[in-house]
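Here is the structure we will look at, set down as structure tokens.
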Amino acid sequence: MENRAKEILRIVDEMLRRIQRWLNDPHGGPIMPENVGLGIQAALQSCDSGNIPACCRDLATVAVPRLAEECRAYAQREHGKVRPESGAPGPSFWASVKAVARARAGADTLVIEKQEPVAVLLQQGVTHDQIARHIYGRRGVGPFLQTNGATNVALIEQEAREPNSVIAADWIPPWHRELLERRQQELNSQLKTYDQQELARHYDDPATVEEMLRDGAFVQQIERAKGALREEILEVARTIGVTPVDGPGYRPGVRDPVSEIDEDESGAASAADRQALKSLVIELYAQSDCTRGAADIATELRKLGHDINTNAVSATIGHWKRKNGKAAATA
Numbered sequence: 000m001e002n003r004a005k006e007i008l009r010i011v012d013e014m015l016r017r018i019q020r021w022l023n024d025p026h027g028g029p030i031m032p033e034n035v036g037l038g039i040q041a042a043l044q045s046c047d048s049g050n051i052p053a054c055c056r057d058l059a060t061v062a063v064p065r066l067a068e069e070c071r072a073y074a075q076r077e078h079g080k081v082r083p084e085s086g087a088p089g090p091s092f093w094a095s096v097k098a099v100a101r102a103r104a105g106a107d108t109l110v111i112e113k114q115e116p117v118a119v120l121l122q123q124g125v126t127h128d129q130i131a132r133h134i135y136g137r138r139g140v141g142p143f144l145q146t147n148g149a150t151n152v153a154l155i156e157q158e159a160r161e162p163n164s165v166i167a168a169d170w171i172p173p174w175h176r177e178l179l180e181r182r183q184q185e186l187n188s189q190l191k192t193y194d195q196q197e198l199a200r201h202y203d204d205p206a207t208v209e210e211m212l213r214d215g216a217f218v219q220q221i222e223r224a225k226g227a228l229r230e231e232i233l234e235v236a237r238t239i240g241v242t243p244v245d246g247p248g249y250r251p252g253v254r255d256p257v258s259e260i261d262e263d264e265s266g267a268a269s270a271a272d273r274q275a276l277k278s279l280v281i282e283l284y285a286q287s288d289c290t291r292g293a294a295d296i297a298t299e300l301r302k303l304g305h306d307i308n309t310n311a312v313s314a315t316i317g318h319w320k321r322k323n324g325k326a327a328a329t330a
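Numbering (numbering that gives the first Met the number 0), first residue to last: 0 to 330.
Written as structure tokens, this is what we have:
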């Protein structure tokens with residue numbers, strides 16, 4: 000499984016390098032480059048193509064699939080997954096990148112080199128010098144090397160007779176500890192960069208839905224700028240006596256990007272089915288203390304056989320939150 004772990008870590012490292020190069024490129028724009036998306040897909044394919052070593056379990060079964068789902072939602076321009084002011088991925092994408100970076104660093108912590116016991120090495124004919132300099136030591140540093148660099152044969156013999164009398168059971172090779180410290184520094188730097196992307200100010204048009212309607216904005220523009228549902232915008236238009244205007248290319252009956260779970264194109268889904276699915280979405284959301292992401296909920300529902308995308312889940316949750324907010328305000 001060691002080679003399998005190396006394969007997964009190598010391709011995840013390449014994916015993270017592509018993301019970092021994108022962010023560090025002074026000429027790079029906010030829109031995700033194609034090679035980043037390809038790197039994410041390659042990482043997912045690698046994780047799906049074989050057994051998963053224990054050290055890579057969180058990385059390969061949770062973090063990378065979550066990032067791939069965020070990438071898919073971004074590519075399909077699902078509601079809430081694209082920053083309207085720049086076209087960059089939204090906050091949930093960067094949260095998933097951070098999760099991958101943390102899981103990648105955690106994989107290193109679990110893959111600590113295990114050395115053969117000294118007694119076994121001596122029985123195999125390995126010399127004292129090889130044990131001190133090349134197996135339990137590197138670059139002149141090790142527990143069986145004296146300050147002048149000479150091999151301490153007595154300590155090696157003692158460890159062979161009394162295991163763990165010189166080398167503790169939880170001993171970590173110094174060179175591996177250096178790797179972990181270097182990885183932690185890299186992780187801290189990465190997380191700082193990803194935090195800046197995740198927390199970047201999201202533009203929100205200061206005008207109200209009413210003001211935008213009076214100014215002649217298209218219904219679709221108001222949906223994107225205010226995160227409002229079409230029905231809510233039309234209701235405001237009726238209240239203030241303004242005729243709503245749809246943008247060029249709008250076709251009645253075709254789902255808007257921010258629509259709720261609605262009847263499918265064939266009309267097969269009944270009102271009861273749609274309402275049941277909405278209730279299931281809210282139930283899963285509420286079970287997480289209203290912290291679970293729409294992408295995670297959509298993925299779980301699809302595994303259960305429901306035909307639903309992240310956009311529909313996000314819109315349903317948004318409508319529920321707005322409705323409950325109004326109820327609380329009037330209570």
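Ideal Cβ placement from N, Cα and C applies to all residues, glycine included.
query                                                                                                                                                                                : result
Please work out which residues of its chain come closer than 8 Å, Cβ to Cβ, to P52, disregarding the five sequence neighbours upstream and downstream, and give them in chain order. : M0, E1, R3, A4, I7
Taking just the CA atoms, how far does L198 sit from Q286?                                                                                                                           : 25 Å
Kindly indicate which residue of A59, A87, V61 has the alpha-carbon position closest to the one of A72.                                                                              : A87
Bridge partners for T150 per DSSP, in chain order?                                                                                                                                   : L144
Starting from the Cα of P243, find the closest Cα among L121, I130, E210, G304 and give me that residue.                                                                             : E210
Within 10 angstroms of the Cβ of S95, are there 16 or more other Cβ atoms? Answer buried if so, exposed if not.                                                                      : buried
How do the region 55-66 and the region 99-106 stand: do at least 3 beta-carbon pairs fall below 8 Å, yes or no?                                                                      : yes
What residue does the alpha helix (DSSP H) around N23 start on, and which one ends it?                                                                                               : 1-23
If we ignore side chains and look at the alpha-carbon of each, how far apart do V117 and V81 end up?                                                                                 : 57 Å
In whole angstroms, what separates the C-alpha of I166 from that of E185?                                                                                                            : 29 Å
Return the first residue and the last residue of the alpha helix (DSSP H) that I232 is part of.                                                                                      : 229-239
Just to confirm the assignment, what range does the alpha helix (DSSP H) spanning N50 have?                                                                                          : Note, N50: premise wrong, no alpha helix (DSSP H); not H, not E.
Please state whether DSSP places A165 in a helix, a strand or coil.                                                                                                                  : The amino acid occupying residue 165 in the given sequence is Val; Ala does not appear at that position. The answer is coil: DSSP assigns V165 none of H, G, I, E or B.
Under 8 Å between the Cβ atoms of R103 and V35?                                                                                                                                      : no
Please state the DSSP three-state secondary structure of R76.                                                                                                                        : coil
Thinking C-alpha only, which one of C54, P172, F217 is nearest A106?                                                                                                                 : C54
So, helix, strand or coil for P83, using DSSP?                                                                                                                                       : coil
Excluding sequence positions up to five away, which residues of its chain have a Cβ less than 6 Å from the Cβ of Q196?                                                               : W93
Note the first and the last residue of the continuous alpha helix (DSSP H) segment covering I193.                                                                                    : At residue 193 the sequence reads Tyr, which differs from the Ile that was named. Run containing Y193: 173-197, per the alpha helix (DSSP H) assignment.
Check each candidate in R291, G28, C289 and name the one with the smallest Cα separation from S85.                                                                                   : G28
Which class does P88 belong to by DSSP, given the choice of helix, strand or coil?                                                                                                   : strand
At which residues does the alpha helix (DSSP H) containing E209 begin and terminate?                                                                                                 : 208-213
How would you label D295, buried or exposed, when you count the other beta carbons within 10 angstroms and need 16 or more for buried?                                               : buried
With a threshold of 8 Å, are at least 3 pairs of Cβ atoms found where one atom belongs to the region 126-133 and the other to the region 171-180?                                    : no
What do you get for C289, buried or exposed, if any count of 16 or more other CB atoms within 10 angstroms of its CB means buried?                                                   : exposed
Compare the C-beta of D288 against all C-beta atoms of chain B and say whether one is closer than 8 Å.                                                                               : Given the protein chain composition of this structure (a single chain), no chain B is represented.
Report all residues from its chain with a CB closer than 8 Å to the CB of I134; omit the five preceding and five following residues, and keep chain order.                           : Q114, E115, L120, V125
Please classify D245 as buried or exposed, where buried requires at least 16 other C-beta atoms within 10 Å of its C-beta.                                                           : exposed
According to DSSP, is R160 helix, strand or coil?                                                                                                                                    : helix
In the structure shown, what three-state DSSP assignment does V244 receive?                                                                                                          : strand
Given a cut-off of 8 Å on the beta-carbon distance, is the pair G38 and M14 in contact?                                                                                              : yes
Should H26 go down as buried or exposed, given a rule of 16 or more other Cβ atoms within 10 Å for buried?                                                                           : exposed
E158: buried (16+ other C-beta within 10 angstroms of its C-beta) or exposed?                                                                                                        : buried
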